[in-house]
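Chemist: Numbering (the working numbering), first residue to last: 319 to 646.
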């Protein structure tokens with residue numbers, strides 16, 4: 319049994335989730351009741367409206383009960399930033415991050431909370447997706463991504479682990495001190511360290527709405543991870559350039575040997591075009607990759623706020639409580 323004075327904050331970002339608002343609010347009510355009866359903890363819900371274009375905030379405010387607040391950002395900053403906005407508002411002894419699309423279940427949430435309550439040596443419990451519905455090609459690409467990004471690191475980003483996790487208050491305070499403008503939460507959670515434990519889970523099928531993640535979004539997100547936490551892409555391109563240069567030296571020696579000893583004519587246009595296209599492609603790839611790293615550096619150097627808050631809607635129960643940081 320947890321200390322009855324302890325409090326659990328539930329952080330849930332949403333974007334255009336008006337359709338799922340009543341069902342998710344009901345899920346939160348059931349979760350609050352289970353947490354209260356099983357662990358004796360008070361629950362406060364922090365929902366972050368990531369610039370929704372529908373009336374999701376209003377529908378959530380009508381459907382939610384108990385102690386809650388809705389942080390409305392000034393525009394869509396992305397889920398990674400919306401999670402930070404929710405963590406900035408939290409003041410609980412423990413914080414549960416979950417999605418508002420009903421894919422994160424109550425059972426797994428309670429299991430993670432129980433692990434944290436019963437194991438004082440553990441600071442973070444995260445859910446690790448064990449469902450294998452992706453194609454073979456996509457799963458192999460994901461495996462390659464994690465292999466590359468974790469190489470030459472002093473920490474490992476766990477595969478198939480997302481934002482669905484429970485953390486102790488000190489961990490949350492540490493994470494909110496990381497004010498990266500280009501955020502890659504998987505990497506930040508791993509970089510922060512602390513003692514973490516994984517729990518396998520299978521996400522529920524999305525019953526309402528559609529996923530906001532397209533293939534282009536996933537590619538951009540992966541590139542964000544590389545430019546934020548790995549120098550491997552630059553090293554791979556540099557190694558490719560060295561191999562191309564070595565191949566050029568070997569080919570040049572071969573041509574020189576054939577001309578000097580056998581009188582073979584030097585091939586002209588085809589060999590020249592291959593060399594130009596190969597070296598030109600490598601140069602452009604390297605320049606583009608360097609540009610990505612420079613853009614990340616430029617974004618951080620501008621020192622703009624990570625996000626801007628439009629307003630915060632509070633329930634009657636939460637009005638008397640001290641507000642969160644809202645640092646932006």
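Ideal Cβ positions, reconstructed from N, Cα and C, are used throughout, including at glycine. What you are looking at is a predicted structure, and each value in this text was computed from that prediction instead of being measured.
Note the first and the last residue of the continuous alpha helix (DSSP H) segment covering residue 375.
Modeler: 374 to 381
Chemist: To which residues of the same chain is residue 372 closer than 6 Å at the C-beta, ignoring the five residues directly before and after it?
Modeler: 334, 336
Chemist: Taking just the CA atoms, how far does residue 605 sit from residue 574?
Modeler: 32 Å
Chemist: For residue 597, which of 579, 556, 365, 376 has the nearest alpha-carbon?
Modeler: Among 579, 556, 365, 376, the Cα nearest to that of residue 597 belongs to 556.
Chemist: Helix, strand or coil for residue 333 per DSSP?
Modeler: coil
Chemist: In the DSSP assignment, find the unbroken alpha helix (DSSP H) run with residue 475 in it and report its ends.
Modeler: It is not in any alpha helix (DSSP H) - residue 475 carries neither H nor E in the DSSP assignment.
Chemist: I'd like to confirm the pairing. Which residues does DSSP put opposite residue 515 in its beta bridges?
Modeler: 443
Chemist: First and last residue of the alpha helix (DSSP H) that includes residue 366?
Modeler: Not the alpha helix (DSSP H): residue 366 falls in the beta strand (DSSP E), residues 360 to 367.
Chemist: So is residue 413 buried or exposed if we call it buried at 16+ other beta carbons inside 10 Å?
Modeler: buried
Chemist: Could you check if residue 621 is buried or exposed, using at least 16 other CB atoms within 10 Å of its CB as the buried criterion?
Modeler: Exposed, by the Cβ-count rule.
Chemist: According to DSSP, what are the bridge partners of residue 264?
Modeler: Since the displayed the chain opens at 319 and closes at 646, residue 264 lies outside it and no answer follows.
Chemist: CB-CB under 8 Å to residue 510, same chain, minus the five flanking residues each way: which ones, in chain order?
Modeler: 489, 492, 493, 496
Chemist: When DSSP labels each residue in this structure, what does residue 652 get in the three-state scheme?
Modeler: Lying before the first or after the last residue shown, residue 652 is absent from the chain, which here runs from 319 to 646.
Chemist: With respect to the alpha helix (DSSP H) encompassing residue 346, which residues constitute its N-terminal and C-terminal limits?
Modeler: 339 to 357
Chemist: Grouping DSSP H, G and I as helix and E and B as strand, with all else coil, what is residue 391?
Modeler: strand
Chemist: Is the separation between the beta-carbon of residue 481 and that of residue 415 shorter than 8 Å?
Modeler: Yes, the pair counts as a contact, with Cβ atoms nearer than the cut-off.
Chemist: Can you check which of these residues, 630, 444, 631, is closest to residue 507 by C-alpha distance?
Modeler: Relative to the Cα of residue 507, the nearest Cα in the group 630, 444, 631 belongs to 444.
Chemist: In the DSSP output, what is residue 632 paired with across the bridge?
Modeler: 387
Chemist: Would you list the residues sitting across from residue 627 in a DSSP beta bridge?
Modeler: 391
Chemist: Can you tell me where the alpha helix (DSSP H) holding residue 406 begins and where it ends?
Modeler: Per DSSP, the unbroken alpha helix (DSSP H) holding residue 406 starts and ends at 397 to 407.
Chemist: Taking the CB atoms as reference points, tell me whether residue 430 and residue 348 lie closer together than 8 Å.
Modeler: no
Chemist: Which term fits residue 426, buried or exposed, when burial requires 16 or more other beta carbons within 10 angstroms of its beta carbon?
Modeler: When all chains shown are included, residue 426 counts as buried.
Chemist: Taking three-plus beta-carbon pairs below 8 Å as touching, is the region 356 to 366 in contact with the region 385 to 393?
Modeler: yes
Chemist: Helix, strand or coil: which one does DSSP assign to residue 572?
Modeler: helix
Chemist: Just the Cα atoms here: how many angstroms apart are residue 522 and residue 630?
Modeler: 30 Å
Chemist: Straight-line CA distance for residue 399 to residue 354?
Modeler: 29 Å
Chemist: Taking only three categories from DSSP, how would you classify residue 425?
Modeler: helix
Chemist: Using only alpha-carbon positions, find the residue among 593, 447, 384 that is nearest to residue 567.
Modeler: 593
Chemist: Nearest CA to the CA of residue 369: which residue from 379, 505, 385, 393?
Modeler: 393
Chemist: Can you give me the Cβ contacts of residue 408 inside the same chain, cut-off strictly under 7 Å, excluding the 5 residues immediately before and after it?
Modeler: 327, 329, 364, 490, 642
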